[in-house]
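As structure tokens, the structure follows; a few thoughts come after it.
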Amino acid sequence: MSAENVDQRRSDDINPMLRTAQQYHFQLSVMADQKANIIIAATSILFTISLTNFSMEEMLWGFVCLATFSLIALIYAILAVYPSYEAKKDRQFIFDSINPLFFGHFTQFTLDEYYDIMEKMFDSSQSIYRAQLKNLYQLGQILKNRKYKFLKYSYRFFFVGLILSVILFALQLFQLIT
């Protein structure tokens with residue numbers, strides 16, 4: 000078997016795997032955004048309801064708890080969907096330090112500079128694969144360290160707030176606390 004056949008077989012195996020992994024990461028990102036939007040809607044409603052019921056002194060602590068935890072959950076859910084990329088101030092091109100497939104990096108360059116970057120990447124299959132792998136890795140890092148981390152905190156505060164509020168409402172209802 001020739002080296003060219005080995006490279007072709009390797010390419011035939013790698014390309015679908017990378018495509019599948021990128022689609023999977025994209026789906027995870029969409030799901031995280033959808034979950035965050037659900038939490039944003041739910042906590043906004045609960046926060047508003049809580050604020051409008053502060054005048055009910057017999058249930059005040061339950062509503063204060065619900066409003067506080069809803070607000071914290073809301074903030075974390077917003078952080079999960081909030082775009083966080085900041086362009087680097089230094090436009091010095093160092094190929095290994097940028098991701099030519101990420102808009103936040105390649106939009107720092109003129110179209111001609113971008114053509115040069117992409118042509119350099121297209122010089123070898125290894126450069127193309129490295130760019131795809133870097134993009135996949137960075138997508139995973141964003142999912143893990145940003146979206147799902149903040150989403151996890153949002154859900155935790157949401158559920159803890161609901162549970163504590165129900166307990167406080169029950170205690171206040173039976174006049175065990177004032």
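Counting with numbering that gives the first Met the number 0, you get residues 0 to 177 for the letters of the sequence shown.
Just so it is clear, CB atoms sit at the ideal spot from N, CA and C, and this is done for glycine as well.
Supposed close pair residue i, residue j - CB separation, criterion 8 Å
i      : j      : result
Ser69  : Thr42  : 4 Å
Gly61  : Phe168 : 4 Å
Ala66  : Ser49  : 4 Å
Asn98  : Asn134 : 6 Å
Ala20  : Lys146 : With a Cβ gap of about 17 Å, Ala20 and Lys146 do not count as contacting.
Gln13  : Tyr128 : Per the sequence shown, the amino acid found at residue 13 is Ile instead of Gln. That pair is a contact at about 7 Å.
His24  : Leu138 : 4 Å
Ser10  : Ser124 : 7 Å
Phe105 : Tyr113 : 5 Å
Member of the options whose CA lies at the smallest distance from the CA of residue i
i      : options                          : result
Ala40  : Thr51, Ala72, Leu50 and Arg145   : Ala72
Val165 : Tyr128, Val63, Arg129 and Glu118 : Val63
Ser28  : Val80, Arg9, Glu56 and His104    : Val80
Lys34  : Thr106, Leu161 and Leu78         : Leu78
Phe149 : Pro82, Ala130 and Phe101         : Pro82
Phe203 : Ile74, Leu132, Gln125 and Tyr23  : There is simply no residue 203 to check, as the chain begins at 0 and stops at 177 in what is shown.
Phe173 : Ile37, Glu57, Ile38 and Gln140   : Glu57
Tyr154 : Asn36, Arg18, Gln140 and Thr106  : Asn36
Ile176 : Leu59, Leu161 and His104         : Leu59
Leu161 : Pro15, Ser96 and Leu45           : Leu45
Ile38  : Ile74, Leu142 and Asp111         : Ile74
Leu17  : Asp111, Ser96, Ala130 and Gln107 : Ala130
Gln171 : Pro15, Gln22, Thr47 and Met55    : Met55
Run of the alpha helix (DSSP H) containing residue i, from where it starts to where it stops
i      : result
Phe149 : Tyr147 to Leu172
Glu112 : Leu110 to Met120
Gln140 : Ser124 to Ile141
Ala102 : Checking the sequence, you will find Phe at residue 102 rather than Ala. Phe102 to Phe105 is the span of the alpha helix (DSSP H), which, as asked, contains Phe102.
Hey, which unbroken runs of the beta strand (DSSP E) at 3 residues or more fall wholly within the segment 42-88? Taking 3 residues as the minimum length, the segment 42-88 contains no beta strand (DSSP E) run wholly inside it.
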